[in-house]
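Undergrad:
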Amino acid sequence: MMRKKLILLSMVLLLSGGTLVAADKMLQKVTLLFNNKQSIEDGLLVDDKVYINIRSLSDSLQAFTQWKGSEKKLVIQKPNVHMFLMNEKRTMFGQVDKGTVQKFLVQAQIDNLNVAISEFKVTIVDPNDKETTIDGRSQSDDDFKEFVEKDTFWFSSKLVSYDFKLSGKYKLRFWMEQKNEGAQLISEKIITAK
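For the sequence shown, my numbering puts the final residue at 197, and the numbers step up evenly by one.
1. Give the C-beta separation of residue 67 and residue 187 to the nearest angstrom, bearing in mind that I take them to be a contact with Cβ-Cβ under 8 Å.
2. Measure from the alpha carbon of residue 36 to the alpha carbon of each residue in 51, 62, 50 and 30, then state which is nearest.
3. In chain order, what are the residue ranges of uninterrupted alpha helix (DSSP H) at least 4 long that sit wholly in the stretch 38-92?
4. Going along the chain, which residues of its own chain have a beta-carbon closer than 6 Å to the beta-carbon of residue 24, five neighbours each way excluded?
5. Have a look at residue 173 and residue 195 and give me their C-alpha separation to the nearest angstrom.
6. What did DSSP end up calling residue 151 once you bin it into helix, strand or coil?
7. With a threshold of 8 Å, are at least 3 pairs of Cβ atoms found where one atom belongs to the stretch 83-98 and the other to the stretch 47-55?
8. Where residue 72 and residue 122 are concerned, what is the direct C-alpha to C-alpha distance, given to the nearest angstrom?
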């Protein structure tokens, strides 16, 4: 349908002398915001309908997206990943004092996993966007099958020591890699250092 509209639009532009004014009136860029964060790619407004590149929103949606062209089908898979942090005393936390070296582990409950994955990992991103891997598993690990051969599993990271040297928001991220695809952000939590 979109292709027909674009062909029709091209013909109209040719017949009208190809002016940019006509194109601007028929196709308008749309700015996309998700949780007040602007998407890298804009959308298009055609006949009062917004068209977007769904793959560009995969991180915002925190979901796997896959286009099956032969079936004309868009598949979106959204596993539920609930993460929380526990210090060495097994107390949950989400805020630390700036300059604190905190020992902690990440607990994650994963359910509704309806895709085959080849790897998962947990990372932390500091306020300057420096990302550090905390823990994870891949197909080469002996215990990998016990995590991913079911649609629900729990993961507990190793105990790590991390320096929250900057004030600001740290992003705790859970990544999954679908077989034959790249890593996809599936869940994100914020830790605040004041």
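Using N, Cα and C, we set each Cβ at its ideal position, and we do this for glycine too. Small disclaimer: the values here were computed from a predicted structure and weren't measured.
TA: Let me lay it out:
1. Against the sequence shown, residue 67 aligns to sequence position 64. Against the sequence shown, residue 187 aligns to sequence position 184. Indeed they touch by this definition, with Cβ atoms about 6 Å apart.
2. For the purposes of this step, residue 36 is taken as the residue at position 33 of the sequence shown. Ranking 51, 62, 50 and 30 by Cα distance to residue 36 puts 62 first.
3. 61-64
4. Residue numbering aside, residue 24 sits at position 21 when the sequence shown is read from its first letter. Note that residue 24 scores a pLDDT of 45, beneath 50, so its modelled location is shaky and nothing firm can be said.
5. Taking the sequence shown and counting its residues from 1, one reaches residue 173 at position 170. Taking the sequence shown and counting its residues from 1, one reaches residue 195 at position 192. Between residue 173 and residue 195, the C-alpha separation is close to 6 Å.
6. Counting from one through the sequence shown, the residue named residue 151 turns up at place 148. Correct three-state label for residue 151: helix.
7. No, they do not touch.
8. Counted from its first residue, the sequence shown places residue 72 at position 69. Counted from its first residue, the sequence shown places residue 122 at position 119. Rounded to whole angstroms, the separation of the alpha carbons of residue 122 and residue 72 is 26 Å.
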